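Heads up: the sequence shown runs through residues -7 to 243, numbered per the working numbering.
Report on one structure; see the data block that follows.
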Amino acid sequence: MASLHLQDLTVEFPIYQANGRSLKKALFSAPMGTNLARDAANRILVRALNHLTLTIDKGDRVGLIGPNGSGKTTLLKTLAGIYEPTSGALHTQGRVSALLDVQMGMNPDATGRENIMLRGMYMGIHPKDMQVHVEEVVDFTELGPYIDMPVRTYSAGMMLRLAFAASTCVEPEILLMDEWLAAGDSHFLAKAQKRMEDFVQRSSLMVLASHSLELLEKWCNKGLYLRNGNVIAYGPLKEVADIYQQSLAEA
């Protein structure tokens, strides 16, 4: 059964070359609530996530809410295994599909068809399992003969079509997204939107970061409000969204 459990999880990033007087002064004159600390070696640290303890179970659709710099992307990258916790623990049950940068891992000198397989490898899909999806992805992209040309010959829109289609062809268990994916011009957009909706509905659980509360209310049943790396609220989406909006009004 797919699940994510965070136990007292903290993620810190050291600030190297922070001994200069001007930088040190700027750091320690930062607004209250900024998570600055020092480690045993007396290095200045930014604490991006601060002692998070929570569980996300099968069926949960969690919307990450918070201002820029609150820790949403850091949390997604930690759940995806890109960042290691500095302390605490992350327990993951199920295969993670992380759509944080759909074009990451693509080789500009490889063909579109070859990049479909490369994208599968990046997502942790066995080549035999990915191979069965290749022709469906090719058809969906509508790239025609370009699919067998190096992707460095593609326009930005063509590249995005390919990356989007390859990233959404698998069966996700744990789906992590930094903003909602969309791809292409008006002709392609409706088709991409339908594919994205089907992809999300197939997932066992989802964590989605977005600044659009309307989008989160449509797709999520829970909300996680982060501020300065701390959990401010976690629970039903509407309740958490109300707490967030109230905090904005009081700021």
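Built from N, CA and C at the ideal position, the CB exists for glycine as well.
Keep in mind that this is a model prediction, so the values were computed, not measured.
Residue i to residue j span [Cα, whole Å]
| i | j | result |
| --- | --- | --- |
| residue 232 | residue 58 | 10 Å |
| residue 105 | residue 120 | 15 Å |
| residue 170 | residue 6 | 24 Å |
| residue 154 | residue 31 | 44 Å |
| residue 98 | residue 44 | 33 Å |
| residue 25 | residue 38 | Because residue 25 carries a pLDDT of 47, less than 50, the predicted location of this residue cannot be relied on, and the following value inherits that uncertainty. Cα-Cα distance, rounded: 11 Å. |
| residue 73 | residue 42 | 17 Å |
| residue 172 | residue 107 | 22 Å |
| residue 208 | residue 214 | 9 Å |
| residue 82 | residue 40 | 15 Å |
| residue 229 | residue 212 | 7 Å |
| residue 148 | residue 185 | 18 Å |
| residue 61 | residue 84 | 25 Å |
| residue 8 | residue 242 | 35 Å |
| residue 116 | residue 91 | 12 Å |
Own chain, CB closer than 6 Å to residue i, minus 5 neighbours either side, in chain order
| i | result |
| --- | --- |
| residue 79 | 2 |
| residue 146 | none |
| residue 127 | none |
| residue 46 | -2, 226 |
| residue 125 | 161 |
| residue 49 | -5 |
| residue 112 | 122 |
Where the alpha helix (DSSP H) through residue i begins and ends
| i | result |
| --- | --- |
| residue 235 | 229 to 242 |
| residue 131 | 126 to 133 |
| residue 159 | 148 to 159 |
Same chain, Cβ closer than 8 Å to residue i, neighbours up to 5 away in sequence not counted
| i | result |
| --- | --- |
| residue 165 | -6, 86, 87, 88, 89, 195, 196, 197 |
| residue 123 | 109 |
| residue 102 | 110, 142, 143 |
| residue 140 | 103, 104, 105 |
Burial state of residue i (16 or more Cβ within 10 Å)
| i | result |
| --- | --- |
| residue 168 | buried |
| residue 96 | exposed |
| residue 118 | exposed |
| residue 217 | buried |
| residue 240 | exposed |
| residue 157 | buried |
Boundaries (first-last residue) of the beta strand (DSSP E) holding residue i
| i | result |
| --- | --- |
| residue 217 | 214 to 219 |
| residue 48 | 36 to 49 |
| residue 90 | 88 to 91 |
| residue 79 | 79 to 85 |
| residue 166 | 166 to 170 |
| residue 182 | Note, residue 182: premise wrong, no beta strand (DSSP E); alpha helix (DSSP H) at 178 to 194. |
| residue 55 | 53 to 57 |
Other residues of its chain near residue i: CB distance less than 7 Å, five sequence neighbours each side excluded
| i | result |
| --- | --- |
| residue 75 | 3, 66, 69 |
| residue 77 | 1, 2, 3, 70 |
| residue 151 | 95, 143 |
Do the stretch 43 to 58 and the stretch 197 to 204 make contact, defined as three or more Cβ pairs closer than 8 Å? Under the 8 Å Cβ criterion, the stretch 43 to 58 counts as touching the stretch 197 to 204, having at least three qualifying pairs.
Determine, using beta-carbon pairs with one atom in the stretch 150 to 170 and one in the stretch 119 to 133, whether at least three such pairs fall under 8 Å. A contact between stretches requires three or more CB pairs, one per stretch, nearer than 8 Å, and the stretch 150 to 170 meets this requirement with the stretch 119 to 133.
Could you check whether the stretch 183 to 191 touches the stretch 214 to 234, counting it as contact only if at least three pairs of C-beta atoms, one from each stretch, sit closer than 8 Å? At 8 Å Cβ cutoff, the stretches do not touch.
Say whether the stretch 209 to 223 touches the stretch 58 to 70, bearing in mind that this needs 3 or more beta-carbon pairs closer than 8 Å, one atom from each stretch. Here the stretch 209 to 223 lies against the stretch 58 to 70, with 3 or more beta-carbon pairs under 8 Å apart.
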